[in-house]
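Participant: Structure incoming, see below.
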Amino acid sequence: MRRVPVESRVATYGRQTVAGRTRTVHRIRAERALGKALPEKAIVHHADGSTRDDAPLVICQDDAYHKLLHVRMRVVRAGADPNTHRFCASCNSAKPFSDFNKCSADKSTGLFAICRSCHRITCRSYARNFTSAIKASRNIERIEKQ
Ligand SMILES: [Zn+2]
Ligand SMILES: [Zn+2]
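Each residue of the sequence shown is one higher than the one before, starting from 51 at the first, in the working numbering.
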């Protein structure tokens, strides 16, 4: 599978063509400030959450760090402390870290994106959907065998 560059996935940012290469304005600005090409894994973050060409920028070393900034921004916007709270994407509120199960797959916080009480609900509905998906695929098999 071909790797899609981050720039082409994001259509809402301003673009500029320099030396025949069209790139997003924020990456060009970040490289100018850095004085050299951005490191391979670097992600340029818009500190004010906007997509404006003149937004204050933060160069993140990798995607995990960038995600962490967004996780923390959401907690701050919800009026809580990002050092003790995490934003639950399901109930849309900031909750203390102790309300989240640990998740080693999340490289930025080590916690699940949804809180414990929401997680229970989601797991149950996931199980339900999964069962109906299995039933549906069995039906398809039966039809195909006929
Ligand atoms: Zn960002
Ligand atoms: Zn929740």
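Backbone N, C-alpha and C define an ideal beta-carbon position, used for all residues, glycine too. Note that the structure is predicted; figures quoted are calculated from it, not measured.
1) What did DSSP end up calling residue 165 once you bin it into helix, strand or coil?
2) Opposite residue 143 in the DSSP bridges: which residues?
3) Should residue 168 be counted as a contact of ligand 2 given a C-beta to heavy atom distance under 7 Å?
4) Less than 8 Å separating the beta-carbons of residue 108 and residue 159?
5) For residue 107, name the three-state secondary structure that DSSP assigns.
6) With DSSP as the reference, please indicate the residues paired to residue 74 in a beta bridge.
7) In whole angstroms, what is the alpha-carbon distance linking residue 138 and residue 112?
8) Spatial neighbours of residue 143 within its chain, please: C-beta separation below 8 Å, excluding the five flanking residues on both sides.
Facilitator: Taking the coordinates as given:
1) coil
2) 138
3) yes
4) no
5) strand
6) Per DSSP, the beta bridge partners of residue 74 are 65.
7) 23 Å
8) 128 and 137
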